[in-house]
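To convert, count from 1 in the sequence shown and add 1247; that's this note's numbering. Glycine included, every Cβ here is placed at the ideal spot set by N, Cα and C. This report concerns only the one structure given below.
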Amino acid sequence: MTTLLKQPNLAFLLAHPAHFLALGFGSGLAPKAPGTFGTIVGLPLFYFISAYSLYVQLTIIAGAFIVGIYLCDVAGKALGVSDHGSIVWDEIAAMMLVLTIAPSQWQWWLVAFFLFRLFDIWKPFPIRQCDAQLKGGFGVMFDDLLAAIYAMICLKGLLWTLS
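Shown next as structure tokens:
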């Protein structure tokens, strides 16, 4: 059954565990810039895994991407919009991926945050095309994965330039 909600509410958030996670523990309920609020949630979540080896971090983040396909699909179907703005699990997982290459200093995490948001909003080729073509949970997750890769390339370039 599909429910068409323009803006989900607390009842929707709590109606299903997939909604709660897909909406970033409630950060996706922000009336303005829910993607930015979701991205912010990725920062402390990455901090909790930052003490682990890169291999463990990437394994956890890969799991978040794979589970995110299901979460975003369930929430999108319930909302009646595949990539509803309130669905922010994709931003959370992608931000965590970008942080795997950022130095552990708040300034670099801020740069990583802004680079990811830039590419997630701007959607340069082929992100915009993938966003338009791919639907469902996979499509929701994939365009943010591409934005994370763009952000990582720029961050690595910046780090290389300044070293």
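Apart from the five residues just before and just after Met1248, which ones in its own chain have a Cβ nearer than 8 Å to its Cβ? Here the model assigns Met1248 a pLDDT of 46, short of 50, so the residue's position is not dependable and the matter cannot be decided.
Once you ignore the five residues that flank Gly1332 on each side, which residues in its own chain have a CB closer than 8 Å to its CB? Within the same chain, and ignoring the five residues on either side of Gly1332 in sequence, the residues whose Cβ sits closer than 8 Å to its Cβ are Gly1275, Pro1281 and Gly1282.
Straight-line Cα distance separating Ser1300 from Ala1265: 28 Å
In chain order, what residues of the same chain lie with their CB nearer than 7 Å to the CB of Phe1272, ignoring the 5 residues before and after it? Val1288
Apart from the five residues on each side of it in sequence, which residues of its chain come closer than 6 Å, Cβ to Cβ, to Gln1304? Ile1296 and Thr1347
Give me the Cβ distance between Leu1402 and Val1345, rounded to the nearest whole Å; I'm assuming they're in contact under 8 Å. The C-beta separation of Leu1402 from Val1345 comes to about 7 Å, placing the pair in contact by the 8 Å criterion.
The alpha helix (DSSP H) with Thr1306 in it runs from where to where? Leu1301 to Leu1326
Could you tell me the alpha carbon to alpha carbon distance between Arg1364 and Thr1286, rounded to whole angstroms? When rounded, the distance between both Cα atoms is 8 Å.
Collapsed DSSP secondary structure at Asp1330 in the structure displayed: coil
Residues near Ser1351 in its chain [Cβ-Cβ closer than 8 Å; skip 5 each side]: Ser1297
Residues of its chain near Asn1256, where Cβ-Cβ distance is below 6 Å and the 5 sequence neighbours each way are ignored: Counting only Cβ-Cβ distances below 6 Å, and skipping sequence neighbours, we find nothing.
Since Met1388 contacts Phe1267 with CB under 8 Å, what's their CB separation in whole angstroms? Here Met1388 is actually not in contact with Phe1267; their C-beta atoms are around 17 Å apart, not less than 8 Å.
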